[in-house]
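To start, the structure itself, in structure tokens.
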Amino acid sequence: MSKILVTGGAGFIGSNFIRILIGQGTHQVVNLDALTYAGNLESLHDVAADERYSFVRADITDVPAIRTAFEQHKPDIVVHFAAESHVDRSVLDATAFVNTNVVGTQVLLDASRANSVQRFVHVSTDEVYGSLGPTGAFTEETPLAPSSPYSASKTGSDLLVRAAFHTHGFPCVTTRCSNNYGPYQFPEKLIPLMIMNALADKNLPVYGDGKNVRDWIYVTDHCKGILAVMEKGRDGEVYNIGGRSEKRNIDVVKTLLAILGKSESLITYVTDRPGHDFRYAIDNTKIRNELGWEPDHTFETALRQTVEWYASHIEWCDRVRSGAYMEYYEKQYGQRLG
Ligand code: NAD
Ligand code: TDX
Numbered sequence: 011m012s013k014i015l016v017t018g019g020a021g022f023i024g025s026n027f028i029r030i031l032i033g034q035g036t037h038q039v040v041n042l043d044a045l046t047y048a049g050n051l052e053s054l055h056d057v058a059a060d061e062r063y064s065f066v067r068a069d070i071t072d073v074p075a076i077r078t079a080f081e082q083h084k085p086d087i088v089v090h091f092a093a094e095s096h097v098d099r100s101v102l103d104a105t106a107f108v109n110t111n112v113v114g115t116q117v118l119l120d121a122s123r124a125n126s127v128q129r130f131v132h133v134s135t136d137e138v139y140g141s142l143g144p145t146g147a148f149t150e151e152t153p154l155a156p157s158s159p160y161s162a163s164k165t166g167s168d169l170l171v172r173a174a175f176h177t178h179g180f181p182c183v184t185t186r187c188s189n190n191y192g193p194y195q196f197p198e199k200l201i202p203l204m205i206m207n208a209l210a211d212k213n214l215p216v217y218g219d220g221k222n223v224r225d226w227i228y229v230t231d232h233c234k235g236i237l238a239v240m241e242k243g244r245d246g247e248v249y250n251i252g253g254r255s256e257k258r259n260i261d262v263v264k265t266l267l268a269i270l271g272k273s274e275s276l277i278t279y280v281t282d283r284p285g286h287d288f289r290y291a292i293d294n295t296k297i298r299n300e301l302g303w304e305p306d307h308t309f310e311t312a313l314r315q316t317v318e319w320y321a322s323h324i325e326w327c328d329r330v331r332s333g334a335y336m337e338y339y340e341k342q343y344g345q346r347l348g
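For the sequence shown, my numbering gives the first residue as 11, with consecutive numbering after it.
Okay, here's the thing in structure tokens:
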């Protein structure tokens with residue numbers, strides 16, 4: 011049984027990943043998370059009591075805390091999700107993005123090397139490749155050309171991971187995925203924000219003309235791709251992960267309104283995001299051919315399931331919106347969130 015340390019496991023994708031790992035029944039899982047605004051332990055309430063699961067509250071930029079956590083838990087594998095992840099926040103203030111995404115990644119690499127971690131899986135994003143025009147798709151060879159402070163900081167982390175492999179021979183592998191959707195996503199991101207606003211009959215703010223394109227993937231398909239890379243990926247390599255499901259934002263929003271039976275009059279066009287990347291699209295040939303990975307979900311079916319999940323988890327949504335989710339940690343672990 012290997013011991014897997016998952017950073018950022020209280021976030022959207024990390025919590026879905028941990029649920030899959032615990033469900034497999036073959037791993038010990040340590041969830042290491044600072045519990046920023048994006049960290050929500052209520053998303054893991056169903057696995058919290060499992061004897062193979064434990065939680066450590068630590069900030070990945072805190073060198074002594076990370077050193078202690080690694081020495082205590084001695085992980086075999088690290089899967090690194092922890093990040094500041096929202097582009098709009100990085101436009102307002104990039105500080106936390108540089109600290110967590112760049113500095114924090116190096117702190118983890120150093121602790122992992124010092125503790126002989128056998129494999130470091132770095133979870134990155136297609137945004138490091140920048141923006142596409144109307145045609146073409148990102149391959150692993152596409153030059154890195156990030157355009158937001160978020161994507162620039164993720165690019166910095168990718169290069170540090172690359173350097174750890176080339177300089178120290180440290181066994182790292184990087185994934186770059188497109189836009190995820192599914193249960194437990196923080197409602198600052200397009201799909202959960204639009205679902206929650208529509209359910210409450212609030213306006214749906216569409217940036218610019220709504221014609222920007224994102225390549226959507228259901229979150230568990232991304233997680234299964236990360237697992238395939240963790241188990242079978244080659245050291246030093248990058249694997250793109252994407253659902254080959256390109257949609258214009260306005261079409262996603264209209265589909266959500268149709269599923270919910272709400273009026274398109276809720277759509278409100280608002281000022282565009284500064285530096286808004288026009289289009290992302292992932293060429294996933296490498297992971298399909300080399301690791302045999304395939305997505306299990308189509309956008310149409312999984313979007314409907316996602317809407318149903320949010321509509322039937324109104325309490326989770328309300329507690330996220332009100333900030334009440336932060337009390338869970340205080341009750342469970344007897345410490346206040348500072
Ligand atoms: P998220 O914002 O939902 O979760 C991030 C988690 O990291 C939170 O639990 C937060 O508390 C934790 N965290 C933040 N700063 C930390 C720090 N300094 N120390 C320890 N923990 C900290 O993010 P997400 O959407 O689940 O994304 C997870 C990863 O996947 C990120 O690295 C992101 O760049 C990448 N990614 C996301 C998407 C997407 O569509 N959401 C797509 C591709 C890649
Ligand atoms: O209110 C909104 N209105 C709107 O039109 C929001 C929040 C977004 N948008 C647009 C901007 C984007 O074109 O929708 C698209 C998706 O926006 P986000 O959900 O903020 O995602 P994006 O900026 O594409 O980045 C996401 O995918 C890649 C994640 O947040 C990143 O963490 C990941 O790396």
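Even glycine gets a Cβ: it sits at the ideal position worked out from N, Cα and C.
Residue i versus residue j - alpha carbon distance
i, j, result
"GLY179", "VAL262", "43 Å"
"THR145", "SER64", "45 Å"
"PHE175", "VAL97", "28 Å"
"ASN190", "ASN109", "24 Å"
"THR46", "GLY114", "14 Å"
"GLU337", "ALA58", "15 Å"
"ASP219", "TRP326", "31 Å"
"GLU137", "PHE80", "30 Å"
"ARG29", "GLY143", "37 Å"
"ASP60", "GLN345", "21 Å"
"GLU151", "THR165", "14 Å"
"VAL223", "GLY243", "29 Å"
"LYS212", "TYR160", "28 Å"
"LYS264", "THR177", "49 Å"
"ILE260", "GLN82", "49 Å"
"ASN207", "GLU310", "20 Å"
"PHE288", "THR135", "16 Å"
"ALA173", "ALA312", "37 Å"
"GLN34", "ILE297", "22 Å"
"LEU169", "LYS341", "39 Å"
Residue closest to residue i, alpha-carbon to alpha-carbon, out of the options
i, options, result
"LEU140", "ALA124, HIS132, SER163, ARG129", "The amino acid occupying residue 140 in the given sequence is Gly; Leu does not appear at that position. Among ALA124, HIS132, SER163, ARG129, the Cα nearest to that of GLY140 belongs to SER163."
"SER255", "THR278, VAL133, THR308, TYR249", "THR308"
"THR295", "TRP303, PHE288, ARG289", "TRP303"
"ASN299", "ALA58, SER322, GLY235", "GLY235"
"PHE22", "LEU313, TYR194, VAL112", "TYR194"
"LEU54", "PHE91, GLN82, GLY24, THR46", "GLY24"
"ALA48", "ALA106, GLU325, GLU151", "ALA106"
"THR149", "SER275, GLY35, ILE292", "ILE292"
"TYR339", "GLU52, VAL39, ASP287, GLY33", "GLU52"
"THR71", "VAL117, ASP225, SER332, ALA208", "VAL117"
"GLU94", "THR36, ILE260, ALA312, ASN111", "ASN111"
"SER126", "ALA92, LYS84, ALA104, GLN345", "LYS84"
"THR36", "LEU267, GLU310, ARG62, LEU266", "ARG62"
"SER167", "VAL66, ALA92, LEU276", "ALA92"
"GLY18", "ALA312, TYR217, GLN34, VAL66", "VAL66"
"ALA44", "LEU169, GLY33, ASP103, ALA20", "ALA20"
Same chain only: Cβ atoms within 6 Å of residue i, ignoring 5 sequence neighbours per side
i, result
"LYS221", "ARG258"
"ALA155", "GLY140"
"THR171", "For the record, residue 171 in the displayed sequence is Val; it is not Thr. Answer for VAL171: HIS132, CYS182, THR184, listed in chain order."
"CYS187", "HIS232, ILE251"
"ASP86", "SER12, LYS13, GLN128"
"ALA238", "LEU301, TRP303"
"THR316", "TYR191, GLY192"
"SER100", "PHE107, SER158, PRO159, TYR160"
"ALA104", "PRO159"
Rounded Cβ spacing between residue i and residue j (contact assumed at less than 8 Å)
i, j, result
"ASN50", "TYR335", "5 Å"
"LEU31", "ALA68", "No, LEU31 and ALA68 are not in contact; Cβ-Cβ is about 19 Å, not under 8 Å."
"VAL16", "PHE27", "6 Å"
"GLY357", "ASP225", "No information on residue 357 is available, as it lies outside the stretch 11 to 348 that the chain covers here."
"LEU276", "LEU267", "7 Å"
Chain-order list of residues whose beta-carbon lies under 8 Å from that of residue i (same chain, five-residue window excluded)
i, result
"VAL330", "ASN50, PHE196, PRO197"
"ASP328", "ALA334"
"ARG314", "ILE269"
"ILE324", "LEU209"
"ASP306", "TYR228, THR230, ASP231, LYS234"
Beta-carbon contacts of residue i that lie in its chain and below 7 Å, excluding the five residues immediately before and after
i, result
"MET240", "ILE87, VAL89, ARG129, VAL131"
"PRO215", "THR278, VAL280"
"GLY285", "SER157, SER158"
"ILE153", "With the sequence shown as reference, residue 153 is identified as Pro, and Ile is not the correct amino acid for it. Excluding residues within five positions, none has a Cβ falling inside 7 Å."
"ALA147", "ALA291, ILE292, ASP293"
Any non-hydrogen atom of ligand 3 closer than 6 Å to residue i Cβ
i, result
"GLY253", "This structure lacks ligand 3; its bound ligands are ligand 1 and ligand 2."
Neighbour flag for residue i against chain D, beta carbons, 7 Å
i, result
"ILE227", "No chain D is part of this structure, which consists of one protein chain only."
| Is the region 120–138 touching the region 64–84 in the sense that three or more CB pairs, one from each, lie closer than 8 Å? | yes
| Can we say the region 271–290 touches the region 235–250, given the rule of at least three CB pairs closer than 8 Å? | Result no; under three Cβ-Cβ pairs closer than 8 Å.
| Counting pairs of Cβ atoms below 8 Å between the region 265–272 and the region 224–238, do you hit three or more? | Too few Cβ pairs lie closer than 8 Å, so no.
| Do the region 190–210 and the region 307–326 meet, that is, are 3 or more Cβ pairs less than 8 Å apart? | yes
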